[in-house]
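Shown next, in structure tokens, is the structure this report addresses.
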Amino acid sequence: MTTYISSNLGYPRIGEDREWKKALESYWKSEITADELKLQTKKLRLASLKKQQELNIDLIPVGDFSFYDHVLDTAFSFGIIPKRFQHLDEQSIDTYFAIARGNKEAVAAEMTKWFNTNYHYIVPELNDVTPRLVENRALTYYKEAKEELGIDGKPVLVGPVTLVKLSKGYDSGHLESIVDSFIPLYIQVLQELVEAGAEWIQVDEPVLGTNLSENQIALVEKVYQKITAEVPEAKIILQTYFETVQHYERVVKLPVTAIGLDFVHGDHLPAIKKWGFPKEKILAAGIINGRNVWRSDLDSKLSLIQEIQSVTDADTIIIQPSCSLLHVPVTKKTEKKVDQVILDGLSFADEKLAEIQILVKGTNEGKAAVESELNESKTARTVLAESPYRQNHQVAEELKQIGDEEVKRALPFAERIKLQQKQLNLPLLPTTTIGSLPQTSEVKGTRTKWRRGDITDQEYNKFIESETKKWIEIQEELEIDVLVHGEFERTDMVEFFGEKLNGFAVTEYGWVQSYGSRCVKPPLIVGDVSWGGPMTVKEIVFAQTLTDKPVKGMLTGPVTILNWSFVHEELPRFTIQDQIGLALEKEVLALEEAGVNIIQVDEPALREGLPLDHLKWPEYFDAATRAFRISTSSVKPSTQIHTHMCYSEFSEIFEVIDSLDADVISIETSRSHGELIDTFEVNDYDKEIGLGVYDIHSPRVPSVEEIKANIDRALRTIDVKQFWINPDCGLKTRGKEETVAALRNMIEAARQVREEV
Ligand code: GLN
Ligand code: ZN
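If you use this note's numbering, the sequence shown corresponds to residues 300 to 1056, in order.
See below:
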């Protein structure tokens, strides 16, 4: 007889009403003290634990809480502090926040995407430090849960190999010795946890889902042999997620108690059938999708569990989400405005944990024990599948007409750029920004009032117009060459389009953490997507009437819209991506028709949907390129297409960027400290590029010299005729004063460089 127990891998930090974000931001604005911040977040943490306790989850994660990011927490607790912050107090929360956000003297640490998600972690810098155990965070949180709520939690740790692989500041040839230097620290952490009574300990090694070399997988084996030899009492669940484990047959033999596998984004059944699953081990099976918001097909999940059971013959199977629930909103119970048909089809973190309990009960006691729950779930799914959201046949017809042929612009870049230059008449090293301008509390507050119905549409539009006007004047005064309207009408670059395109729905509270305190509210894609009429024309045209300089049209691209939405699992992703591409094409043409000569189609999330397995990349990129080109290829040769991307590792995907065939690309580079620049030289890129010349993720105002140094460095490898000068991302999260000051310095730096070249 197999016993089934329930587990969770991590709970959202932000709270039902984003209390976490509010507390953090109040602290950063000095509105509350550090003690108050700790008090408020503790309350929230305990409330989240309590919910899991009430749902009877057997293994409740502890230590999944963070004040910013769990990778930063891990590094910080090992004393890994970048040199530029080492003079600060290593125990202080302000030092921790300084690393994450930068301070007046020093730039923040690099931030990058956590595997293929939209969660960003802070990259640890391993140069100039010898790791040591400063604080056993997991222990602190383990004790807290036990003392306050009587929960015997399951501490969660970022595993040593993943930690080091995600870090920088060392030569990759030294991976092994660096990992070795962490082993005694992990041993101590585990020992202390065991002594305090922790039974299960979850050690996350998501790198096992990536393409590891022979040396690297051998290193993983050595590491876990060493660790478990020292702390044999620790019941380690070695947890993987997001992909099929690449060296399955070796991973399952690691000397740990349990292996956690993702059965949603990974395809582990064939491996289990081929290699078996060790009888003495426990399987922690990720069954419920931890990265999507839709109700699961519980019947097929029950069959999946049965199949897993039949091929593993395991005594104990842990049923859990496929990954931490960090990637989904907290609860759907607060949603009041979503169409009931859609609402019934949703499942956020709390509901997912309830689904897990249904599965556990259904397997332990038999299907009959959960019959009514299964029926309810099935009905909700069927009603949605048969709803009008899924019946838009016209868009399917239009897509068919494009066929499989290559979608291309009428002229090659070398010819169209001449026409564009003639039309735009821009100076050497043109200056611009990425799109959004500061969304001050006034902007956000006015939008809230409008949403609540406290002010009329007309009043709201008037406010947006006055804000746009104010900033067009500021940009003119600063002498920026290509202006933006500022995106004041948008809460979020994806949600905005989600509210306007057919086939989408938006939630009120469906927030997930993106980076630090910043949360996004991904729209839902429930059915076929189509254009319902102009979405951005009014605002752009209004801005253009206020100035003689060009104002860029500003759209979010199809890949990003897809990757930052919660697409229903029954919908074919690439088809939906093409449908979004088609809808955007209509918007692009509407802008062009209205006289807009530069149109930016942002693709910050281009890499995000990338499978962790490199073999699956070409298919993904072909689809992405096609959708982008569907949206941008029909414009006149003289219309200039821009695109923008964030935090990508470009060397690997250079060809893809090239094949998007955008006339100008702007890239966020300043926070990776200039490491990307060489890519463009090596590859002989011929189109125009704006490498971010300062970091917008920090409130710090960069000096003219600093910006100029960034420009000079880029110009050593990139031709001055190809280069654009811009900040590295949108400015919506910044304040007005700091933005104006930083842009002023940027323009001055550009002026100085122009004089020198
Ligand atoms: N145009 C968007 C903005 O400026 C781009 C944001 C992004 O790259 N994430 O806000
Ligand atoms: Zn960006």
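Backbone N, C-alpha and C fix where the C-beta goes; we use that ideal spot for every residue, glycine too.
For clarity, every value in this text was computed on a predicted model and none was experimentally measured.
* Sequence ranges, beta strand (DSSP E) only - wholly within the region 907 to 947, length at least 3 -> 939 to 944
* Which residues in the same chain have their Cβ closer than 6 Å to the Cβ of A397, if we skip the five residues on either side of it in sequence? -> F384
* Asked: When every heavy atom of the ligand SAM is checked, does at least one fall within less than 8 Å of the C-beta of E967?
  -> Because the ligand SAM does not appear in the structure shown, any question about it cannot be addressed here, the ligands present being the ligand GLN and the ligand ZN.
* Look at I421 and A405 and say whether their C-beta atoms are less than 9 Å apart. => no
* **Coil, strand or helix - W863 by DSSP** => coil
* To do: Tell whether a beta-carbon distance below 9 Å holds between V858 and F927.
  => yes
* **Euclidean distance between Cα positions of I964 and F541** => 29 Å
* **Close beta carbons around I940, own chain, < 7 Å, minus the five adjacent residues each side** => I898, V900, T931, V934, A961 and D962
* **Local conformation of M1045 per DSSP, three classes** => helix
* Roughly how many angstroms lie between the CA atoms of V280 and T732, to the nearest whole one? -> Only positions 300 to 1056 of the chain appear in the structure, and residue 280 is not among them; the question remains open.
* Asked: Can you check whether the CB of Q490 is closer than 9 Å to the CB of E529?
  -> yes
* **Residue from K578, P430 and P628 with nearest C-alpha to Q608** => K578
* Taking 8 Å as the cut-off, does the CB of D901 come closer than this to any heavy atom belonging to the ligand GLN? -> yes
* Asked: For Q538, which beta-bridge partners are listed by DSSP?
  -> D503 and G559
* Rounded separation between E1047 and N1025 - CA only -> 12 Å
* **Whether E630 touches D614 by CB criterion (9 Å)** => Note that residue 630 corresponds to Thr in the displayed sequence, not to Glu. For T630 and D614, no; Cβs fall outside 9 Å.
* Taking 9 Å as the cut-off, decide whether the C-beta atoms of L990 and N1009 are in contact. => yes
* Asked: Looking at E1045 and the ligand GLN, is the gap between the Cβ and the nearest heavy atom below 8 Å?
  -> The question names Glu, but residue 1045 in the sequence shown is Met. No - the ligand GLN has no heavy atom lying nearer than 8 Å to the Cβ of M1045.
* **Distance, V706 Cα to K412 Cα** => 30 Å
* To do: Alpha carbon to alpha carbon, how far is T730 from W593? Give it in angstroms, no decimals.
  => 43 Å
* Can you tell me whether DSSP reads V819 as helix, strand or coil? -> strand
* Asked: I think R312 touches S365, with their Cβ atoms under 8 Å apart; what is that distance to the nearest whole Å?
  -> 6 Å
* Is it the case that the Cβ atoms of K658 and L597 are separated by a distance below 9 Å? -> Per the sequence shown, residue 658 should be read as Leu rather than Lys. Against a cut-off of 9 Å, the Cβ pair of L597 and L658 comes out as a contact.
* Beta-carbon contacts of T835 that lie in its chain and below 8 Å, excluding the five residues immediately before and after -> G852, M853, L854, E886 and L890
* To do: Specify the secondary structure class of G378 as computed by DSSP and reduced to three states.
  => coil
* Drop a sphere of 10 angstroms on the beta-carbon of T968, count the other beta-carbons inside from all chains shown, and report buried for 16 or more, exposed for fewer. => buried
* To do: Using the Cα positions of L881 and D791, report the straight-line distance between them to the nearest angstrom.
  => 21 Å
* Taking the continuous alpha helix (DSSP H) assigned at H419, which residues delimit it? -> Run containing H419: none in the alpha helix (DSSP H); it sits in the beta strand (DSSP E), H419 to I421.
* Go through its chain and collect everything with a Cβ distance to D780's Cβ below 7 Å, but skip five positions before and after it. => L725, P726, P729, T730, T731 and K848
* Any non-hydrogen atom of the ligand ZN closer than 8 Å to D1027 Cβ -> yes
* Residue from H546, V555 and A557 whose Cα sits closest to the Cα of E569 -> With the sequence shown as reference, residue 569 is identified as Pro, and Glu is not the correct amino acid for it. Nearest option by C-alpha distance: H546.
* Identify which residue in N417, N415, F414 and P381 has its Cα closest to the Cα of G401. => P381
* **Proximity of D316 and T633 at Cβ, strictly below 9 Å** => yes
* Please classify G585: does DSSP put it in a helix, a strand, or coil? => strand
* If we count the other Cβ atoms within 10 Å of its Cβ and call it buried at 16 or more, is L914 buried or exposed? -> exposed
* Identify whether I966 lies in helix, strand or coil by the three-state DSSP scheme. => strand
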